[in-house]
Ligand SMILES: [Ca+2]
């Protein structure tokens, strides 16, 4: 709820939005977006962070980040994922390379747990109860 309110106020701020992103930044947010994850630069949720937003993970097509948010390619080491979506992390852009599907939870060191230290380049969001394999969302 707080995130929705914050985004609304940021959107109203218009041109000043870019100045406010910083360490608590948003990425590709829309007015109906909910926060689905926070990315962190270092292990144990330290260093700079950025949130990922999606309108929903309950419909098709589910949203994707074809590339990491600006400045975040090959940088993420820990991650928190909230209950709204499962997230597939991908080694390369456009959902290519190695991948791993992560359910909601706290991942303190993606290098140790999944071999993904400073290597994530794109994301897919999946409905939490969907049993499909990681990868691209179904087309239209
Ligand atoms: Ca990469």
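Numbering (our numbering), first residue to last: 36 to 175.
Virtual Cβ for every residue (Gly too), placed ideally from N, Cα, C.
query	result
Whether residue 115 touches residue 156 by CB criterion (8 Å)	no
For residue 106, three-class secondary structure by DSSP	coil
Neighbour flag for residue 72 against chain C, beta carbons, 8 Å	Absence of chain C from the displayed structure is noted, only one protein chain being present.
From 109, 108, 105, 124, residue whose alpha carbon lies closest to that of residue 72	124
Residue 80 in three-state terms, based on DSSP	helix
N-terminal and C-terminal residue of the beta strand (DSSP E) that residue 128 is part of	Per DSSP, residue 128 belongs to no beta strand (DSSP E) and is neither H nor E.
Terminal residues of the alpha helix (DSSP H) in which residue 146 lies	145-149
DSSP-derived helix/strand/coil call for residue 119	coil
Beta-carbon proximity list for residue 127, same chain, < 8 Å, skipping 5 on both sides	156, 157
For residue 136, three-class secondary structure by DSSP	strand
Beta carbon of residue 110 nearer than 8 Å to that of residue 76	yes
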